[in-house]
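The opening position of the sequence shown corresponds to residue 1 in our numbering, with each subsequent residue numbered one higher. This report refers to the structure that appears directly beneath it.
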Amino acid sequence: MRAQWFSEARFGMFIHWGLYSIPGGIWRGREMSYIGEWLQACFRIPNREYGALAARFNPERFDAEQWCRTARDAGMRYLVFSAKHHDGFAMYRSRVDSYNVADATPFGRDPLAELAAACPKYGLKLGIYYSQDLDWHHPDGGDPGPESPKNHGMSWGNDWDYPAHRGKRFRRYFEGKAIPQLTELLTGYGPVGIMWFDCPLTISREESGRIVELVRKLQPDCLINTRIGHGFGDYGSYGDNQLPAAPPEGMWETPGTLNRTWGFKWNDHDWKTPGEVLSLLASLAEKDTNYLLNVGPMPDGSFPPETVRVLRETGKWLERYGFAVYGCGANPFQCSFDWGYVTVEQRPGKRTRLHLIIREFRPEIRLYGLEEVVVRCWAAAEPECPVEFGCSGGRCLTIRLPERLRARLLPVVTLELACRNAPAVCTDLVPLDHVLRLPAARGTIRHGQREAAVEPAELRGLGAAGERHPAVSHCCLDRTGNLAEWHNPADRIEWEAYFPEEGRYRVEVVTVSGIHGAAWKTGQKVELAVSGDGGAANVLVATLNGRPDPSASDRCYIRGSAEAGTLSLNGAGRRKISLRMLDCPDREALAMTLAELRLVRL
Ligand code: FHN
1 MRAQWFSEAR FGMFIHWGLY SIPGGIWRGR EMSYIGEWLQ ACFRIPNREY GALAARFNPE
61 RFDAEQWCRT ARDAGMRYLV FSAKHHDGFA MYRSRVDSYN VADATPFGRD PLAELAAACP
121 KYGLKLGIYY SQDLDWHHPD GGDPGPESPK NHGMSWGNDW DYPAHRGKRF RRYFEGKAIP
181 QLTELLTGYG PVGIMWFDCP LTISREESGR IVELVRKLQP DCLINTRIGH GFGDYGSYGD
241 NQLPAAPPEG MWETPGTLNR TWGFKWNDHD WKTPGEVLSL LASLAEKDTN YLLNVGPMPD
301 GSFPPETVRV LRETGKWLER YGFAVYGCGA NPFQCSFDWG YVTVEQRPGK RTRLHLIIRE
361 FRPEIRLYGL EEVVVRCWAA AEPECPVEFG CSGGRCLTIR LPERLRARLL PVVTLELACR
421 NAPAVCTDLV PLDHVLRLPA ARGTIRHGQR EAAVEPAELR GLGAAGERHP AVSHCCLDRT
481 GNLAEWHNPA DRIEWEAYFP EEGRYRVEVV TVSGIHGAAW KTGQKVELAV SGDGGAANVL
541 VATLNGRPDP SASDRCYIRG SAEAGTLSLN GAGRRKISLR MLDCPDREAL AMTLAELRLV
601 RL
């Protein structure tokens, strides 16, 4: 299978490097707050001035082998290099346009050619980023025009050098620059593993399709991400730094920043710690999703020292625990766990293994619903130490974590099962450690009396360029497994769950923000009804009053939660739980994206 390497790889290096790396977020003494590679649009720098940066581009420390070695030693299996970003400056030797790194700079070399030569030596697949739509240097580069929403107050297209929107003919750019440059990239650099496209804002369906055909013709094994636009592509790109809530269908990838920018910025020191990066990697691995982690090299061609430090740690961890990530499948349980992550390793002809990647140490952890016999349980490479486990009633498996794991960074405990195939897991939702988690992705969504079917077309494929969801009349499960755009009082979500004990429960509504909104937005009035076992429904009406989740580490799609009061349940048993939006005071600002409902036993 041509995509097998991708699903096994799990971890790749994204590289944003260009003229923008020289000013590094500061232009004429003014500092930008947005991502560094958007410098030209942010300060509306004319091409003549921005292009003059080329005369200063001479990265004497650039060493393609060193970059590839760092990626390999970090445990990465592929690399995606920005051959042309929105500024239109080619970071390779282009015969089509002299606005390129080899012809316009004193450096005079072709970094892409050097990377293409180095990648195979370090076992890396080469991927190429190409901004197929936006091109601020070309007079006809993609421009949604003055009427369209801006990107953080900036124009998507170059309306400072080329303000006459009506005169722009995207076709001229497409035929004259994009297609010829893509042909160069696909013919001049050996095998390309991925063509990574971005921001399909104005490109037509026919044009996206043309690019796909070109890639297929010139490099039949090359994968294409869905940001090519119009539903094309071999694998899905989540939004930047976006975390899916549940394993998706098909192959996916999340591109993520190590600080708050893609292109280098002198003053961005908000680095994720190795623990945060590894948690994100494990969280994505348990959703069967790859992590494309960004590096923004400095103007001298070296990686920022903080980047190198973090990558060294990911490398150490993956050397020890990579077996729990590479080639492993998604968490088979109904929920994710507060203590960490679960992946499945299926080995041809051998017993299946479950790997528990522990983010927060607890003396005991529990798994509910495993319908397979556990043969053996151990903690890897400690040196290997046996781990006690036992059945604590029903389908609940208790695993006692050895004390010596407490001080380790995300240690891994492995359960070997008797089965040799995908483990059977029961689909019941039950409280675990006194918390009943009801993920949106496991609920049944109803629009009035109707059960909601699939994601409506308006929402499909969104998020690639950080777009806001368009106004839709009903909520729906989005591609990340969250219930998005909930403002309609006719909508509700229902779950069936089993309560082993009666008692009082605190109700928490866990939400997630898009990049435009706060997750803990408050003011929505919701109704929670719990019914079953013949008795009258137990109803709670509450106005949400939320707060951000302090442990949210993704910094972009931030989770938050709101308490909705307490609820008493008389008697144990099976219950139907239904959550309804009674009133959403400001649909534009307060539409809710529900991640899960939590009932915490008091
Ligand atoms: O606008 C770009 C941005 O500069 C960066 O390249 C990211 C990486 O995923 N993609 C776009 C925004 O989503």
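For glycine and all other residues, C-beta sits at the position ideal for the given N, C-alpha and C. Small disclaimer: the values here were computed from a predicted structure and weren't measured.
One alpha carbon belongs to VAL344, the other to CYS335, and they sit about 15 Å apart. A Cβ-Cβ distance of about 6 Å is found for the pair ILE357 and LEU410, placing them in contact under the 8 Å criterion. A buried status is given to GLU184, since no fewer than 16 other beta-carbon atoms sit within 10 Å of its beta-carbon. Secondary structure at THR480: coil, using DSSP grouped into helix, strand and coil.
For LYS525, no alpha helix (DSSP H) segment is defined; the enclosing uninterrupted segment is the beta strand (DSSP E) at 525-532. Here DSSP, grouped into helix, strand and coil, assigns LEU602 to coil. In this structure, SER21 lies away from HIS85, with their beta-carbon atoms at least 8 Å apart. In this structure, the alpha-carbon of ARG395 lies about 17 Å from that of CYS377. Within the model, the alpha-carbon separation for GLU382 versus ARG400 is close to 16 Å. For THR257, there is no enclosing beta strand (DSSP E), as DSSP marks it with neither H nor E.
SER208 sits in a helix when the DSSP states are folded into three classes. In this structure, DSSP gives CYS68 a helical state, which the three-state scheme calls helix. The Cβ atoms of HIS447 and MET581 lie no closer than 8 Å to each other. Assignment of LEU405 by DSSP, reduced to helix, strand and coil, places it in the helix class. When distances are taken from the beta-carbon of ASP198 to the heavy atoms of ligand 1, the shortest one is below 7 Å.
Buried is the label assigned to MET91, since at least 16 other Cβ atoms lie within 10 Å of its Cβ. Put simply, the segment 151-159 does not touch the segment 102-113. Fewer than three CB pairs are less than 8 Å apart. In this structure, GLY301 lies near PRO59, with their beta-carbon atoms less than 8 Å apart.
In its chain, beyond the 5 residues on either side, LYS168, ARG169, PHE170, ARG172, TYR173 have a beta carbon closer than 7 Å to the beta carbon of ASP140. LEU223 places its beta carbon 8 Å or farther from that of LEU186. Annotated as proximal: PHE264 and PRO297, with beta-carbon spacing under 8 Å. Excluding the 5 residues flanking it on each side, ASP433 has same chain C-beta neighbours closer than 7 Å at ARG366, in chain order. Non-local C-beta neighbours of GLY233 in its own chain, meaning closer than 6 Å and more than five positions away in sequence, comprise ILE224, ASN225, THR226, ordered along the chain.
Closest in alpha carbon position to ILE35, among GLY327, ARG69, THR257, VAL541, is THR257. Only residues of its own chain outside the window of five on either side were considered, and among them PRO46, ASN47 have a CB closer than 7 Å to the CB of ASP161, listed in chain order.
In the DSSP assignment, LEU540 forms a beta bridge with LEU528. Only residues of its own chain outside the window of five on either side were considered, and among them CYS335, GLU596, ARG598 have a CB closer than 7 Å to the CB of ARG437, listed in chain order. Ranked by Cα distance from ARG587, the first of ARG166, ALA484, ARG574 is ALA484.
Annotated as distal: ALA324 and GLU372, with beta-carbon spacing of 8 Å or more.
DSSP, reduced to helix, strand and coil, places VAL325 outside both helices and strands of the structure shown, so it counts as coil. Beta-bridge annotation (DSSP): PHE81 is paired with ILE15, ILE128.
Between ARG351 and the set LEU590, PRO423, MET13, TRP17, the nearest pair of CA atoms involves PRO423. GLY565 carries a strand assignment under DSSP once its states are collapsed to helix, strand and coil. Bounds of the alpha helix (DSSP H) holding THR183 are 179-188.
Excluding its 5 nearest sequence neighbours in each direction, ASP268 has C-beta neighbours in its own chain below 8 Å: GLY25, GLY36, ASN259, ARG260, THR261, listed in chain order.
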